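In the numbering used here, the protein residues as written are 151 to 470.
Ideal placement from N, C-alpha and C gives every residue a C-beta, glycine not left out.
Just so you know, these numbers come straight off a predicted model, no measurement behind them.
Here it is in structure tokens:
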């Protein structure tokens with residue numbers, strides 16, 4: 151139980167990939183613009199901060215719910231019954247604009263939204279695979295789970311029903327897929343449950359699996375004291391900058407976690423005022439089933455005569 155949620159209607163929760171931000175729906179809160187609005191709370195150390203409502207571009211006098219954020223933190227997906235949709239509840243997205251906040255939401259369009267209801271979007275950590283529930287697309291009955299992938303131009307095309315045994319003639323909603331894309335969980339009122347909507351788990355078939363990813367996790371500390379540091383982390387693709395990730399480590403623990411595309415190589419920077427600049431090249435190789443590095447990065451306080459080294463780090467990866 152989160153103390154600030156006591157006595158309030160809160161649900162439809164999701165987490166950022168690094169576990170440091172919680173997004174959720176608050177209905178009929180004192181500062182609500184409509185019946186249900188979208189909020190977020192950031193975790194500093196082990197403490198969740200007072201929630202903040204998304205801006206008026208996201209929250210309207212209508213109904214906004216079921217938020218989920220991309221692994222890089224730049225795209226918000228959510229469900230809304232606002233005007234300008236295709237009918238019923240639709241899935242919308244908003245891009246984060248540095249120094250300006252969340253931009254005007256865009257409807258995901260006819261390829262995803264129908265005259266029925268599209269609900270509970272889930273964007274996988276690969277950033278390329280979107281799962282959602284719908285009673286408007288052809289299905290087995292009630293709400294079914296669907297998925298769609300981006301094409302080379304970055305457009306969502308080719309919505310597909312996830313099929314049996316994931317879908318039944320009953321309702322299936324609220325899919326979650328783990329980062330490695332091997333296991334999933336859904337809510338369903340199908341036969342064989344305890345009654346009402348139950349949580350079911352299942353292995354993800356390769357036919358509906360997301361793309362493979364690599365994980366880079368770490369803790370940034372002071373090299374002399376070992377104390378955690380809040381530092382700036384920048385990750386760029388090599389040799390051309392086709393992707394850029396910027397983040398800050400946790401101010402109390404120094405922790406960070408990012409999702410990388412195993413098809414790319416990267417240059418990785420850590421910077422903090424009063425410390426030497428840290429740089430490392432990340433090369434992803436095809437040899438490990440679960441590419442994951444968990445490492446402590448020790449920053450050297452600035453001293454006269456101390457130089458910086460550029461390191462190479464080889465990241466094992468298996469594309470099978």
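Asked: Roughly how many whole angstroms lie between the Cα atoms of residue 392 and residue 386?; Found: 8 Å
Asked: Cβ of residue 201 within 8 Å of Cβ of residue 190?; Found: yes
Asked: Using the beta-carbon count (16 or more within 10 Å), is residue 242 buried or exposed?; Found: buried
Asked: Quick one: using the 10 Å Cβ neighbour count with 16 as the cut-off for buried, is residue 289 buried or exposed?; Found: buried
Asked: Go through its chain and collect everything with a Cβ distance to residue 274's Cβ below 6 Å, but skip five positions before and after it.; Found: 327, 360
Asked: Can you grab the Cα-Cα spacing for the pair residue 424 / residue 381, in whole Å?; Found: 11 Å
Asked: Measure from the alpha carbon of residue 371 to the alpha carbon of each residue in 450, 311, 409, 159, then state which is nearest.; Found: 450
Asked: Name, in chain order, the residues that DSSP records as bridge partners for residue 310.; Found: 297
Asked: Taking just the CA atoms, how far does residue 188 sit from residue 345?; Found: 29 Å
Asked: Report the three-state DSSP secondary structure of residue 303 (helix, strand or coil).; Found: coil
Asked: Please report the distance separating the alpha-carbon of residue 445 from that of residue 231.; Found: 44 Å
Asked: Per DSSP, which residues does residue 335 bridge with? Please list them.; Found: 326, 351
Asked: Give me, in chain order, the residues of the same chain whose beta-carbon lies closer than 6 Å to that of residue 249; leave out the 5 immediate sequence neighbours on both sides.; Found: none
Asked: In chain order, what residues of the same chain lie with their CB nearer than 7 Å to the CB of residue 470, ignoring the 5 residues before and after it?; Found: Reliability of the predicted coordinates at residue 470 is poor, the pLDDT of 41 falling under 50, and no value is obtained from them.
Asked: Considering only residues of the same chain and omitting the five flanking positions on each side of residue 168, which have a CB-CB separation below 7 Å?; Found: 406, 407
Asked: Since residue 255 and residue 208 are thought to touch, with beta carbons under 8 Å apart, how far apart are those beta carbons, to the nearest angstrom?; Found: 6 Å
Asked: Taking residue 476 as the reference, which of 292, 276, 259, 348 has the closest Cα?; Found: Since the first and last residues shown for the chain are 151 and 470, residue 476 lies out of range.
Asked: How is residue 243 classed by DSSP in three states: helix, strand or coil?; Found: strand
Asked: List the residues that DSSP assigns as beta-bridge partners of residue 372.; Found: 449
Asked: Go ahead and label residue 398 buried or exposed: buried means 16 or more other beta carbons lie within 10 angstroms of its beta carbon, across all protein chains shown.; Found: exposed
Asked: Which class does residue 155 belong to by DSSP, given the choice of helix, strand or coil?; Found: helix
Asked: Which runs of the beta strand (DSSP E), 3 residues or longer, sit entirely within the region 158-205?; Found: 159-165, 171-177, 186-194
Asked: Secondary structure at residue 409, three-state DSSP: helix, strand or coil?; Found: strand
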